[in-house]
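Asker: Protein sequence lines correspond, in order, to chains A and B.
Taken in order, the first sequence gives residues 2 to 467; the numbers are from my numbering.
Taken in order, the second sequence gives residues 2 to 467; the numbers are from my numbering.
The beta carbon of each residue, even a glycine, is placed where N, CA and C say it ideally should be.
Have a look at this one.
There are 2 protein chains.
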Amino acid sequence: MTKVIADFDNTETPVVIELMGLLGDRVTTSLAVREHHGHGEDYFAPYPPDAVCFPHSTEEVSEIVKICSKYKTPIVPFGTGTSLEGHVTAPYGGITIDLMQMNSVVEVNPEDMDCRVQAGVTRKEVNEYLRDTGLFFPIDPGADASIGGMAATRASGTNAVRYGTMRENVLGLTVVTADGRIIKTGGRAKKSSAGYDLTRLFVGSEGTLGVITEVQLKLYGIPEKIASAVCQFPSTADAADSVILTIQSGIPVARIELLDSLMMSWTINYSNLDNYEAKPTLFYEFHGTESSVEEQTQAVRSIIDDFGGSAFQWTSSTEERNKLWQARHDAYHACIAQFPGKQGISTDVCVPISRLAECIMATEQDTLASGFESPIVGHVGDGNFHSIFLVDINDEEEMKRAKDCNDRIIQRALAMGGTCTGEHGIGVGKMDFLIAEHDEAVSLMRSLKKALDPENIMNPGKVLRL
Amino acid sequence: MTKVIADFDNTETPVVIELMGLLGDRVTTSLAVREHHGHGEDYFAPYPPDAVCFPHSTEEVSEIVKICSKYKTPIVPFGTGTSLEGHVTAPYGGITIDLMQMNSVVEVNPEDMDCRVQAGVTRKEVNEYLRDTGLFFPIDPGADASIGGMAATRASGTNAVRYGTMRENVLGLTVVTADGRIIKTGGRAKKSSAGYDLTRLFVGSEGTLGVITEVQLKLYGIPEKIASAVCQFPSTADAADSVILTIQSGIPVARIELLDSLMMSWTINYSNLDNYEAKPTLFYEFHGTESSVEEQTQAVRSIIDDFGGSAFQWTSSTEERNKLWQARHDAYHACIAQFPGKQGISTDVCVPISRLAECIMATEQDTLASGFESPIVGHVGDGNFHSIFLVDINDEEEMKRAKDCNDRIIQRALAMGGTCTGEHGIGVGKMDFLIAEHDEAVSLMRSLKKALDPENIMNPGKVLRL
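Structure representation (structure tokens):
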């Protein structure tokens, strides 16, 4: 899928020579490594960087950035490469900083329920590390993404309906700025009114304002009781309407995920979920004490009944529960498996909860009318859902049809007071929609970008047209 | 308390002439009005502005700012004037924009649990307006502050332990920038990864980056059951230790407020709380369903027992409950009433919960050793507490002693990983502590300030030394 490019000898450029002096064999210009770093899990044209660095510390990142800054060389931060919006491609060449060798948990403070990790630690590694503490970190995008990448894209996932997104769960950051300074944002107090909220400014800035090297995370006690259940509905509208009422009733569900009948059918195949039907389905999870889970369950049960939902199918064991959620996380792969050779393109709109059913139904009709079998899957408790186009990226007509349909889906969500991206980010593909959504506010974002990165070396070509 | 200044005829300055052309008699240079706007509820030297404007709309604020920008005239936004850190004083003169005539609720969306208000609506007015909707807005600093002022200072209050601060509860803003542009930040979707988080940048910026004119607020369903209770302890340390364990146990208390024995004694006098003793006391509130409130209560009860807490005294009626929380909110006034003629100066540190008891005890010893009767009151569930100095602001020796003690309290909190201000803001008095707390990150804040307000006309002399 990567573009074939000449394997010219980058080792002779001054910036690479200096980087090699700093990092030795932890900087490489090998074509294979560069090509691997030229794209995420997206469908955009891949652009490999000129070289890839593998730092071990914030101080090394600072030195790398200082060298790049001297030569005005673009810098692209790279984690697990699971971005869906072209965040890690290097359209202007330059140096990719692969942070995956910065994979230490720096500290855990169980008594304050927080921890600090290097940017290259993945979400599953955090939870593995916390295994014996009774604490967990809830944010779970489908991929086992790096915490640095998740912070950079303001990621969320299935638990956000109860626990919030990276915005709410990053307490502080260590960031290397465009001139190589090392900045610590935030603190360990639960709240503070001390100065501008730099933490929230860098969360979601997609590497365009600085390189995130460490992240302080909020943790949660593992609930006394965790119960997962599945409910199937006569129609997608019934499922969505029941979600709206569940959220409006203030029931603190931990997860509430929609898979439409098409998505369910492919998921049954891919993940061997033989005990379910190919019908519109909600996956639930309830967290709390025994009695609060019981109470939540009953409250949801009575809502479901009004919309023709099936009896709850409970997953009683941890193993069964993990299988269920793995299947949910594998939805994207289930799509790809259905059409070998095709590429998946995921939309990512999020609307106020009151407009959810309307938005989903209109999206379903639109994709059908556009000639696509596009399953819908989503974090519907947040009003966020994904319609997935399976396309041949070399088929111009099909790509245009998919793009036009995605454009309409976004415009429709914006007209409903929603956003063009609930959790994937702007990257290279949604810069015009950022303007459509935020209008004049984008000029302020540009002013901030120019103030913090005057030479535009931090992940150029992403988020903002300058 | 205001400094007597000459009542010179500001009406002849070009900026005031232009403002009068725009607003007519809604701009005034009357000494009384200017002096009223020269200070908050703080102890800093008051500086009246040259004139005060009373706009009715965002568009009028924009025009005011454009005129001020043309003449490089300082602008000070003003709400209820209840700031405790000198936010509303005008040390460089200029124009105060009093937003209290912008007091409309713009819209309420009960189905999405949000609303939009003009900046001059107060928190009590919001809740009064919502009375029939079953929804409420929880953030409650002691004063009935304006929502715009609360957003600008990242305020919180007694409910923050459960509902968060203004940081978590402002969904979006309308802001007039330093050059008079009208910017809308945020949106109505529950989450978004679209661009830089301008909302969080303006929340807590204390009027130094722009004038907040409208605020989109997150609302909550009024809980099925609300129960308030009071528990008294043998010592402050016992009370604080029980709070630590309550929070670490993850019990979702809605409010948990400490009043030490001195504060309790004065509060009993001021608010006629005759059924309590002058002992270290926690005020609790529990929100939830009947059974969840019962469960929370039992869990807290068993913790309290370990620390020698008294039996819960329940406030069963809404009236009694309101009286209790009014007494808590009146703590500051109870202090002032105790020493007529003296001024109250409130410290505002916040530390990680594990350090709370240690920090409170050291603070108590320090204030005593410094010769003060300084009661302690606080939002201890957040790790935030206030020690209140009663001082004669004309007594230089006493003022220096209070200042030195406050400095030590802050340094101690910072050494514990805490913050110099949990909820009052930096204003004019804590600019050096902002640097002590955030170090090099303050240089980034300065870059942002320069980018958004290059002429330094937005509330100059606050937050940052430029």
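1) Check each candidate in A:F138, A:I140, A:A146 and name the one with the smallest Cα separation from G121 of chain A.
2) Give every residue of the same chain whose Cβ lies closer than 7 angstroms to the Cβ of N160 of chain B, excluding the five residues on either side of it in the sequence, and list them in chain order.
3) Have a look at G208 of chain A and T186 of chain A and give me their C-alpha separation to the nearest angstrom.
4) Going by DSSP, what residues sit across from I346 of chain A in a beta bridge?
5) Alpha carbon to alpha carbon, what distance is there between V118 of chain B and V171 of chain B?
6) Do you know how far the Cα of L210 of chain A is from the Cα of M459 of chain B?
7) Grab the span of the beta strand (DSSP E) containing T231 of chain A for me, first residue to last.
8) Specify, as a first and last residue, the run of the beta strand (DSSP E) that C421 of chain A falls within.
9) Just checking my contact of C69 of chain A with G95 of chain A at CB under 8 angstroms: how many whole Å lie between their CB atoms?
10) Please confirm whether D198 of chain B has its beta-carbon closer than 9 angstroms to some beta-carbon of chain A.
11) Out of A:E60, A:A240, A:E321, A:S317, which one is the CA nearest neighbour of L274 of chain A?
12) So is R466 of chain A buried or exposed if we call it buried at 16+ other beta carbons inside 10 Å?
13) The beta strand (DSSP E) that contains V429 of chain B, what's its start and end?
14) Assign K472 of chain A to buried or exposed, taking buried as 16 or more other Cβ atoms, counted over all protein chains shown, within 10 Å of its Cβ.
15) Which runs of the beta strand (DSSP E), 3 residues or longer, sit entirely within the segment 183-228 of chain A?
16) Any Cβ of chain B within less than 9 angstroms of the Cβ of R189 of chain A?
17) For C351 of chain B versus G384 of chain B, is the C-beta distance shorter than 9 angstroms?
18) Of the choices A:F373, A:E365, A:A152, A:I354, whose alpha-carbon is the least far from that of N110 of chain B?
19) Along the segment 131-143 of chain A, what residues have a CB closer than 8 angstroms to any CB found in chain D?
20) If you run the structure through DSSP and keep just helix, strand and coil, what is R256 of chain B?
21) Taking 7 angstroms as the limit between beta carbons, can you name the residues of its chain near S236 of chain B, skipping five residues before and five after?
22) Between the alpha carbons of I65 of chain A and A153 of chain A, how many angstroms are there, rounded?
23) Please classify D113 of chain B: does DSSP put it in a helix, a strand, or coil?
24) From the DSSP output, which residues share a beta bridge with F79 of chain B?
25) At a CB-CB cut-off below 7 angstroms, which residues of chain A make contact with R182 of chain B?
26) Check whether the Cβ atoms of S475 of chain A and G222 of chain B sit closer than 9 angstroms, and answer yes or no.
27) Do you know offhand how far G25 of chain B's Cα is from H37 of chain B's?
28) Assign A91 of chain A to buried or exposed, taking buried as 16 or more other Cβ atoms, counted over all protein chains shown, within 10 Å of its Cβ.
29) Name, going along the chain, the residues of the segment 373-406 of chain B whose beta-carbon falls closer than 7 angstroms to a beta-carbon of chain A.
30) Ignore the nearest five residues each way along the sequence and tell me which others in L246 of chain A's own chain have a CB closer than 7 angstroms to its CB.
31) DSSP three-state label for F45 of chain A, please.
32) I'd like to know if E60 of chain B contacts chain A, where contact means its C-beta is closer than 9 angstroms to some C-beta of that chain.
33) R356 of chain A: buried (16+ other C-beta within 10 angstroms of its C-beta) or exposed?
34) Take D307 of chain A as the anchor and find which of A:P341, A:S318, A:R329, A:Q233 has the nearest alpha-carbon.
35) Near T134 of chain B, what residues of its chain come up, given a Cβ to Cβ distance below 6 angstroms and the 5 sequence neighbours on each side ignored?
36) Quick test of your reading: S272 of chain A and D331 of chain A, contact by CB under 8 angstroms. State the CB separation rounded to the nearest angstrom.
Answerer: Straight from the coordinates:
1) A:A146
2) P139, I140, D141, A255, R256
3) 15 angstroms
4) A:F390
5) 11 angstroms
6) 24 angstroms
7) Correcting the residue identity first, residue 231 of chain A is Val in this sequence and not Thr. That run of the beta strand (DSSP E) goes 226-233.
8) It is not in any beta strand (DSSP E) - C421 of chain A carries neither H nor E in the DSSP assignment.
9) 7 angstroms
10) yes
11) A:E321
12) exposed
13) Unbroken run through V429 of chain B: none, as it is neither H nor E.
14) Residue 472 of chain A cannot be examined here, being either before or after the span of chain A that is shown, 2 to 467.
15) 183-187, 211-219
16) yes
17) yes
18) A:I354
19) Although the question refers to chain D, the structure presented lacks it and instead comprises the protein chains A and B.
20) strand
21) P281
22) 19 angstroms
23) helix
24) B:D99
25) E441
26) This structure leaves residue 475 of chain A out entirely; chain A is present only between 2 and 467.
27) 20 angstroms
28) buried
29) D383, G384, N385
30) I304
31) coil
32) no
33) buried
34) A:Q233
35) P111
36) 6 angstroms
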